[in-house]
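Undergrad: Next up is a structure, given as structure tokens.
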Amino acid sequence: MFRITVQYGQPTDPAAFDEYYQSTHIPLTLKVPGLVRFTTGRPRPLGRDVPAPPYLVADLWFETAESLKVALKSDEMRSASADVANFATGGATLHSQEEVLVRGHQDVDRN
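Here is the structure:
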């Protein structure tokens with residue numbers, strides 16, 4: 001699996017960020033071709049005297065490197081990327097990676 005991670009900095013108006021993200025940005029992102037999983041979360045610091053975590057982290061998952069490449073070149077991804085400027089007043093940092101299962105570890109079905 002291949003993943004794009006987006007880390008959003010603290011917005012100037014968290015309520016406005018949340019409303020826009022839910023009502024506008026998520027629907028745009030869900031149109032990206034090849035997207036097989038889309039998760040979001042709000043990180044919390046572990047320990048004392050650590051830097052503030054991002055406000056929100058979003059992960060976009062793709063089955064193959066090729067499907068990620070196609071997604072990155074798509075009109076839908078361009079639209080979603082351009083939309084970030086409309087709500088991410090705290091900025092956004094993106095990176096991608098290939099997910100590799102650690103040898104000897106089995107994913108656990110938690111259902």
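Take the sequence shown: its position 68, counting from 1, is numbered 68 in full-length UniProt numbering, and each next residue is one higher.
All residues carry an ideal CB built from backbone N, CA and C; glycine is no exception.
(1) So, with DSSP's three-state summary, where would you put residue 10?
(2) At the level of alpha carbons, what is the spacing between residue 150 and residue 76?
(3) Quick check on the DSSP output: the beta strand (DSSP E) that includes residue 40 runs from which residue to which?
(4) Could you give the distance in angstroms between the alpha-carbon of residue 70 and the alpha-carbon of residue 79?
(5) Am I right that residue 20 and residue 86 are in contact with their C-beta atoms under 8 Å? What's the rounded C-beta distance?
(6) Within the continuous beta strand (DSSP E) that includes residue 30, where are the two ends?
(7) Please list, in chain order, all residues of the same chain as residue 41 whose beta carbon is under 7 Å from its beta carbon, the five residues on each side excluded.
TA: On the basis of the supplied data:
(1) Taking the first residue of the sequence shown as position 1, residue 10 is located at position 10. Residue state, collapsed to three classes: coil.
(2) Look at the range of the chain in this structure, 1 to 111, and you will see that residue 150 is not part of it.
(3) Stepping through the sequence shown from its first residue, residue 40 is reached at position 40. Start and end: 35 to 41.
(4) As a position in the sequence shown, residue 70 is number 70, starting the count at 1. As a position in the sequence shown, residue 79 is number 79, starting the count at 1. For residue 70 and residue 79, the distance between alpha carbons rounds to 14 Å.
(5) Here the question's residue 20 lines up with position 20 in the sequence shown. Here the question's residue 86 lines up with position 86 in the sequence shown. Yes, they are in contact, since the Cβ atoms of residue 20 and residue 86 sit about 7 Å apart, within 8 Å.
(6) The sequence position of residue 30 within the sequence shown is 30, counting from 1. For residue 30, there is no enclosing beta strand (DSSP E), as DSSP marks it with neither H nor E.
(7) Taking the sequence shown and counting its residues from 1, the one referred to as residue 41 is at position 41. Around residue 41: 57.
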